[in-house]
Amino acid sequence: MKLFLRDQILLLVFYLIQLLIITAIYWLDGYHHMKMSLYAAFLSGCLLIGYLCIRYLMNRSFYTRLEKPSASVDDFSFPQQQAPLAQSLDRLLKSQFRHYKTDLHNYKYKLENHTQFINQWVHQMKTPLSVIHLMIQDEDNPRFTAIGDELDRLKKGLEMVLYTSRLENFEHDFYVETLDLQTVVRAAVSNQKRLFIRRRIFPSFQFEEDLRIASDEKWLSFALTQIITNALRYTIDEGRKIYFYGYQRENQVFLEIRDEGVGIPASDLSRVFHPYFTGENGRNFQESTGMGLYLAKQICKKLGHRIEIQSAVNKGTTVRIAI
Numbered sequence: 000m001k002l003f004l005r006d007q008i009l010l011l012v013f014y015l016i017q018l019l020i021i022t023a024i025y026w027l028d029g030y031h032h033m034k035m036s037l038y039a040a041f042l043s044g045c046l047l048i049g050y051l052c053i054r055y056l057m058n059r060s061f062y063t064r065l066e067k068p069s070a071s072v073d074d075f076s077f078p079q080q081q082a083p084l085a086q087s088l089d090r091l092l093k094s095q096f097r098h099y100k101t102d103l104h105n106y107k108y109k110l111e112n113h114t115q116f117i118n119q120w121v122h123q124m125k126t127p128l129s130v131i132h133l134m135i136q137d138e139d140n141p142r143f144t145a146i147g148d149e150l151d152r153l154k155k156g157l158e159m160v161l162y163t164s165r166l167e168n169f170e171h172d173f174y175v176e177t178l179d180l181q182t183v184v185r186a187a188v189s190n191q192k193r194l195f196i197r198r199r200i201f202p203s204f205q206f207e208e209d210l211r212i213a214s215d216e217k218w219l220s221f222a223l224t225q226i227i228t229n230a231l232r233y234t235i236d237e238g239r240k241i242y243f244y245g246y247q248r249e250n251q252v253f254l255e256i257r258d259e260g261v262g263i264p265a266s267d268l269s270r271v272f273h274p275y276f277t278g279e280n281g282r283n284f285q286e287s288t289g290m291g292l293y294l295a296k297q298i299c300k301k302l303g304h305r306i307e308i309q310s311a312v313n314k315g316t317t318v319r320i321a322i
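Anchor point for the sequence shown: position 92 equals 91 in numbering that gives the first Met the number 0, and the numbering is continuous, going up by one each time.
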């Protein structure tokens, strides 16, 4: 009703102006029968009110539908009625919706093709990397050791591309099972042993016994890899340690990863989970991409885990995951 009245405000204003002008013309022409003028104005007003009532009744469902929010994208059609305006608007919206669905379908098709291409490309690139790694793993030449380090960097970059492309279709690519937390963490650390050795940094494990969690091993391991890689990258002094703590508090399992690195400035701490954010440390350490913690955050969110971070400059960083 309110929408209908707002829609008719201009008509009412013009009607009143017209009534005043006609009355003024008759008055200036010498017609001074006030009662007759008021009676004519009253009849005219009744006719206008009758017209508005009929128009509202004919379009009531139309205005009611406009005032009611849509429950979904598909919920936009108007009730069948005789009002030409409602019918025309209904046809227009249906036509626009068909175009929208066509464009959306084309977009999804292109996105799926792009994701499939990325996945195939990454798998094709990993094969020659594995072959090169096998060719140099038994060599003691320092040059081959450096090549192996660069191969690890390439492999991590490819994995980041692969998991980033799969993140949008996460619900089709995860499997929740009961896992031993310490086993998962030790496996993730073992995969980074070359980097631990090169940086001369040592892992330290302190886990309560029999910590079982429900999660996806592949996705959780990738998230842990991003956190471990960051801890190694920003721990610049040799002989330092990265501590891994696992414990349970009130039926909630927690994993803490604490390093003794350079820490994160307080001004950057609130944005470390934003994509492509590197901050002050990113300008000092050129290897930073700004995607590691973002991906870890997104993966934990989709797995139903909670991740938070604490840090102090020159004291280190602690990442806590509630599983």
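Each residue gets a CB set at the ideal place from its N, CA and C atoms; glycine is no exception.
May I have the straight-line CA-CA distance separating residue i from residue j, to the nearest angstrom?
i	j	result
Leu-161	Arg-59	54 Å
Lys-240	Lys-314	12 Å
Gln-136	Tyr-174	33 Å
His-132	Ile-200	23 Å
Thr-177	Pro-202	25 Å
Lys-100	Ile-298	30 Å
Leu-110	Asp-148	33 Å
Phe-276	Leu-11	57 Å
Leu-103	Val-130	41 Å
Asp-172	Leu-302	12 Å
Pro-264	Thr-163	27 Å
Gln-95	Asp-89	10 Å
Arg-211	Gln-115	34 Å
Ile-20	Lys-1	29 Å
Gln-86	Leu-47	25 Å
Lys-125	Ile-146	15 Å
Leu-157	Gln-119	11 Å
Ile-53	Asn-105	45 Å
Leu-18	Met-33	14 Å
Glu-249	Glu-216	23 Å
Tyr-50	Tyr-108	52 Å
Arg-185	Lys-154	20 Å
Ala-295	Leu-223	7 Å
Leu-42	Tyr-14	13 Å
Lys-192	Arg-142	19 Å
Gly-44	Tyr-38	10 Å
Gln-123	Ile-117	10 Å
Asn-229	Ser-287	8 Å
DSSP three-state call for residue i: helix, strand or coil?
i	result
Arg-319	strand
Ile-21	helix
Ile-241	strand
Tyr-108	helix
Gln-123	helix
Gln-247	strand
Tyr-162	helix
Tyr-14	helix
Met-57	helix
His-32	coil
Gln-191	coil
Met-290	coil
Tyr-233	coil
Asp-172	coil
Lys-314	coil
Gln-225	helix
Gln-115	helix
Gln-86	helix
Glu-149	helix
Glu-208	coil
Gln-297	helix
How about residue i and residue j: do their beta carbons lie closer than 8 Å?
i	j	result
Leu-254	Ser-310	no
Ile-235	Gly-260	yes
Val-183	Leu-219	yes
Arg-257	Tyr-233	no
Tyr-293	His-273	yes
Ile-308	Ile-320	no
Phe-221	Leu-180	no
Gln-225	Gly-291	yes
Leu-128	Leu-150	yes
Leu-231	Arg-198	yes
Ile-227	Val-188	yes
Mind checking who residue i pairs with in its DSSP beta bridge?
i	result
Glu-307	Arg-319
Asp-213	Position check: residue 213 holds Ala in this sequence, whereas Asp was assumed. Partner(s): Thr-177.
Gln-95	Answer is none; Gln-95 lacks a bridge partner.
Phe-41	Its beta-bridge partners do not exist; DSSP assigns none.
Pro-202	Ile-241
For the ligand COA, I want to know if residue i counts as a neighbour, meaning its beta carbon is within less than 7 Å of at least one of the ligand's heavy atoms.
i	result
Ile-146	Because no ligand of any kind appears in the structure shown, any question about the ligand COA cannot be addressed here.
Give the list of continuous beta strand (DSSP E) stretches no shorter than 3 residues that lie fully inside the segment 251-288. Correct list: 251-257.
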